[in-house]
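Visitor: Just so you know, we're using full-length UniProt numbering here: the sequence shown kicks off at 1 and counts up by one.
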Amino acid sequence: MIVWRKSSYSGSNTECCEVAALPTEVRVRDSKCPQRAVLRFSLPIWQVAVAYFAWGESAGGSHEQL
Numbered sequence: 001m002i003v004w005r006k007s008s009y010s011g012s013n014t015e016c017c018e019v020a021a022l023p024t025e026v027r028v029r030d031s032k033c034p035q036r037a038v039l040r041f042s043l044p045i046w047q048v049a050v051a052y053f054a055w056g057e058s059a060g061g062s063h064e065q066l
């Protein structure tokens, strides 16, 4: 069974993404339409994506400088 998690920052808002961490991949889906397409990321790619977004946030929230 896949366990989907939604950010605590989204509160009761349904417009959020949900994430499921599996042994070999991470899946992401739209919480308002969970039956639609699911994005799948290998663990190394997911780690790069998270680092990229965390870097952008710590650098003022803009990724345009890349």
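Every residue gets a Cβ at the ideal spot worked out from N, C-alpha and C, and that includes glycine.
#1: Kindly indicate which three-state DSSP category ALA49 falls into: helix, strand or coil?
#2: According to DSSP, what are the bridge partners of VAL28?
#3: Closest to SER10 by C-alpha separation, out of SER31, ILE2 and GLU25, would be which residue?
#4: Check the C-beta distance from TRP46 over to ALA20 and give it rounded, since I have them as a contact under 8 angstroms.
#5: Closest to VAL50 by CA distance: which of VAL26, ALA37, CYS33 and GLN35 is it?
Guide: In short, the structure shows the following:
#1: In the structure shown, ALA49 sits in a helix (DSSP, three-state: H, G or I).
#2: According to DSSP, which records beta bridges pairwise, VAL28 is partnered with VAL19 and LEU39.
#3: The candidate whose alpha carbon is nearest that of SER10 is SER31.
#4: Rounded, the Cβ-Cβ distance is 11 angstroms, inconsistent with contact.
#5: Ranking VAL26, ALA37, CYS33 and GLN35 by CA distance to the CA of VAL50 puts VAL26 first.
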